[in-house]
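*Asks:* Input: one structure, supplied below.
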């Protein structure tokens, strides 16, 4: 009986440990820390976010000029690291940019795809999707 008890106890401990590890793997990552800002900076950020959102809605995502959604969101993140609206805007802009690059590749417009990839890699240097599209386009 003692051996059976040890075996069952060992199995139960193993099951609990595995369940704990499995649960831990699926916990959401902690939210990034949002840097505190003074009232004047908060007002500037609010205005910039409004401008960036308009650029995003207009499809002015990224270009060589300073007036586009990604540049403005990036400016906000420089003013307030971890700003959730700017972070989400950067992610949404990237999704739309990736769709445009794929469309350019499918249409055979490799020059346009290349230009957009080069611009995008400046803002998203470690993005694997951009690297995959670069390879897909043969660039």
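In the numbering used here, the protein residues as written are 9 to 147. Backbone N, C-alpha and C define an ideal beta-carbon position, used for all residues, glycine too. Only a predicted model underlies this, so the values are computations on that prediction, with no experimental measurement involved.
Looking at the unbroken alpha helix (DSSP H) that takes in residue 81, where does it start and where does it end?
*Replies:* The sequence position of residue 81 within the chain shown is 73, counting from 1. It spans 77-87 - the alpha helix (DSSP H) in which residue 81 sits, taken as one unbroken run.
*Asks:* With 16 other CB atoms within 10 Å as the buried threshold, where does residue 128 fall?
*Replies:* Residue numbering aside, residue 128 sits at position 120 when the chain shown is read from its first letter. Residue 128 is buried by the Cβ-count criterion.
*Asks:* Which of the three DSSP states, helix, strand or coil, is assigned to residue 45?
*Replies:* What you label residue 45 is simply residue 37 of the chain shown in a count that begins at 1. Coil.
*Asks:* Give me the Cα-Cα distance between residue 44 and residue 70, rounded to the nearest whole angstrom.
*Replies:* As a working note, residue 44 is residue 36 in the chain shown. As a working note, residue 70 is residue 62 in the chain shown. If you take the alpha carbons of residue 44 and residue 70, they lie about 28 Å apart.
*Asks:* Can you grab the Cα-Cα spacing for the pair residue 92 / residue 86, in whole Å?
*Replies:* By one-based count along the chain shown, residue 92 stands at place 84. By one-based count along the chain shown, residue 86 stands at place 78. Residue 92 and residue 86: Cα-Cα distance of roughly 13 Å.
*Asks:* Straight-line CA distance for residue 123 to residue 89?
*Replies:* Indexing the chain shown from 1 puts residue 123 at position 115. Indexing the chain shown from 1 puts residue 89 at position 81. Cα to Cα, the separation comes out at about 28 Å.
*Asks:* Taking the straight line between their C-alpha atoms, what separation do you get for residue 102 and residue 48?
*Replies:* Here residue 102 refers to the residue found at position 94 when the chain shown is read from its first residue. Here residue 48 refers to the residue found at position 40 when the chain shown is read from its first residue. Roughly 29 Å separates the two Cα atoms.
*Asks:* Can you give me the C-alpha to C-alpha distance between residue 121 and residue 108, rounded to a whole angstrom?
*Replies:* Position 113 of the chain shown, counted from the first residue, corresponds to residue 121. Position 100 of the chain shown, counted from the first residue, corresponds to residue 108. Spanning the two alpha carbons is a distance of roughly 8 Å.
*Asks:* In the DSSP assignment, find the unbroken alpha helix (DSSP H) run with residue 131 in it and report its ends.
*Replies:* One-based indexing of the chain shown puts residue 131 at position 123. Here the alpha helix (DSSP H) through residue 131 covers 118-131.
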